[in-house]
Amino acid sequence: MKTNFLYILIILAFLAGCSSGPVKPIDTDYLTEAVPAGFQQHTFFKTEGLGTFCAVPGENSIVFSSKHNSSNYNLYLKNLNDDKLTLLTNEPGDETFPAVSPSGKVLAFCSNNEERWSLNVMNLASGMNTPLSLISNVESELISPAWSPDGKKMVFSRFSAELEDYEICILDIEAAGSRNPKAALHFTGCIGLFPKWSPKDENIIAFQKANQIGENWFGLYIYDIMRERTIELVSDPRWAAINPSWSDDGKFIAFSAVNKSGSSNNIWAYEIDNSKLYQLTTGSESNYQPVWRKDRVLFCRTINGVTNIWSLKPEF
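Oh and the sequence shown: position 32 is 32 in our numbering, straight run, nothing missing.
Here's what the structure looks like:
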């Protein structure tokens, strides 16, 4: 089961290594450039070791996974305006894929402390740093959780032996505390990774999916829960669209664009209403894993083999 997660980490490592030139993934008449303002660096690591991260709703802080101080990934809390780090987890295994609830009080994340990847929650408000297993007895690998706008449900990817791929699943939080947590799960049958719930529509989830079966090159899609329908948003045989993240108003989805030619990957935004694409970053640095927070987009930027978290303010 860990092999599947390593495959995802390899994708992230590949992104960090693509840095030979700017991405121009599609025809220029389909693009609109957004001029970024106020680039800002928020972490200042000197060596590689940064993993996944998320913003904390209502706070000026982030939670990220890092192996800078250990051989495995731990979770840290950091205010964006200072250098203070608070260690949240320190378990024998890895903790990653953090996602904070809309209330800012509960942290969901993934852990492999029980040999396979399971979904866990932690109470940030009380300061309790003992991970509480949510549905670890579900016999499958669970990764990349995200919260519904009302904080009552989660969406995540589950490795399905039947589908031989990651399937998007929905979890009812209250029902997950019952004696039969499987009853709280809705298996959509929709193959996809890194699902993110629309902040304005409880029936819409954005995610990435391979353009063709067996490929590692992804397109950007949305899943309509009520209609059980998948809709393609962004896809091209020459490049991949990965790591979707919604703007707070639900009008844009930021994502990473990776060119098959090996040129650098950059951050783009897709406008839902008119299907326009906006390029948010340029240059030879590797920019990926966007996370929208208010009017800014946080993202990972790799320079000379070292990754840190930066942000920019798009001007559409």
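Glycine residues also receive a C-beta, built at the ideal position from the N, C-alpha and C atoms.
Worksheet item: Using the beta-carbon count (16 or more within 10 Å), is PRO25 buried or exposed?
Response: Here the question's residue 25 lines up with position 25 in the sequence shown. Residue placement at PRO25 is poorly supported in this model, since its pLDDT is 40, which falls under 50; the coordinates still yield a value, given next. With 16 or more other Cβ atoms within 10 Å, it is buried.
Discussion item. Once the 5 residues before and after GLU164 are set aside, which same chain residues still bring their CB inside 8 Å of it?
Written reply: For the purposes of this step, residue 164 is identified with residue 164 of the sequence shown, where counting begins at 1. Nothing meets the Cβ criterion.
Worksheet item: So, are the CB atoms of GLU162 and CYS190 less than 8 Å apart?
Response: As a working note, residue 162 is residue 162 in the sequence shown. As a working note, residue 190 is residue 190 in the sequence shown. The answer is no: Cβ separation not under 8 Å.
Worksheet entry | Limits of the unbroken beta strand (DSSP E) element including GLU271 | Counting from one through the sequence shown, the residue named residue 271 turns up at place 271. Element bounds for GLU271: 266 to 271.
Worksheet item: Across which residues does DSSP place TYR73 in a beta bridge pair?
Response: Start at 1 with the first residue of the sequence shown, and residue 73 comes out as number 73. Paired residue(s): none; TYR73 is not in a bridge.
Fill in: In chain order, each beta strand (DSSP E) run of at least 3 residues that lies wholly inside the region 38 to 87
The region 38 to 87 contains these whole beta strand (DSSP E) runs: 50 to 55, 61 to 66, 74 to 79 and 85 to 87.
Worksheet item: Is LEU193 closer than 8 Å to VAL207 when the C-beta atoms are compared?
Response: The count along the sequence shown starts at 1 and reaches residue 207 at position 207. The count along the sequence shown starts at 1 and reaches residue 193 at position 193. The question names Val, but residue 207 in the sequence shown is Phe. Result yes, Cβ atoms of PHE207 and LEU193 sit closer than 8 Å.
Item to complete: Pick helix, strand or coil for LEU15, following the three-state DSSP scheme.
Response: In the sequence shown, counting from the first residue as 1, residue 15 sits at position 15. Note that LEU15 has pLDDT 49, beneath the 50 cutoff, so the model's placement of it is unreliable and no number is given.
Worksheet entry | Simplified DSSP state of ILE173, which is helix, strand or coil | Position 173 of the sequence shown holds residue 173. ILE173 sits in a helix when the DSSP states are folded into three classes.
Worksheet item: What does a CB cutoff of less than 7 Å around THR96 pick up in its chain, not counting 5 residues either side in sequence?
Response: In the sequence shown, residue 96 corresponds to position 96, counting from 1. The residues are GLY51, THR52, SER65, TYR73, PHE109 and CYS110.
Fill in: Span of the beta strand (DSSP E) around MET122
In the sequence shown, residue 122 corresponds to position 122, counting from 1. From DSSP, the beta strand (DSSP E) with MET122 extends over 116 to 123.
Worksheet item: In whole angstroms, what is the alpha-carbon distance linking LYS200 and LYS46?
Response: Within the sequence shown, the letter at position 200 stands for residue 200. Within the sequence shown, the letter at position 46 stands for residue 46. The straight-line gap from Cα to Cα measures roughly 38 Å.
Item to complete: Round the Cβ separation of PRO98 and LEU75 to the nearest angstrom and send it over; I've been treating them as touching at under 8 Å.
Response: Taking the first residue of the sequence shown as 1, we reach residue 98 at position 98. Taking the first residue of the sequence shown as 1, we reach residue 75 at position 75. That pair is a contact at about 6 Å.
Practice prompt. Please specify which runs of the beta strand (DSSP E), each continuous and at least 3 residues long, are wholly inside the region 174 to 255, giving them in chain order.
Written response: 185 to 191, 193 to 197, 204 to 210, 218 to 224, 229 to 234 and 239 to 246
Worksheet item: Just how far apart, CA to CA, sit GLY322 and LEU80?
Response: No information on residue 322 is available, as it lies outside the stretch 1 to 316 that the chain covers here.
Worksheet item: Secondary structure at TYR30, three-state DSSP: helix, strand or coil?
Response: Numbered from its first residue, the sequence shown carries residue 30 at position 30. Caution is warranted here: a pLDDT of 36 is assigned to TYR30, below 50, making its placement in the model unreliable, and the coordinate value is therefore given only provisionally. Correct three-state label for TYR30: helix.
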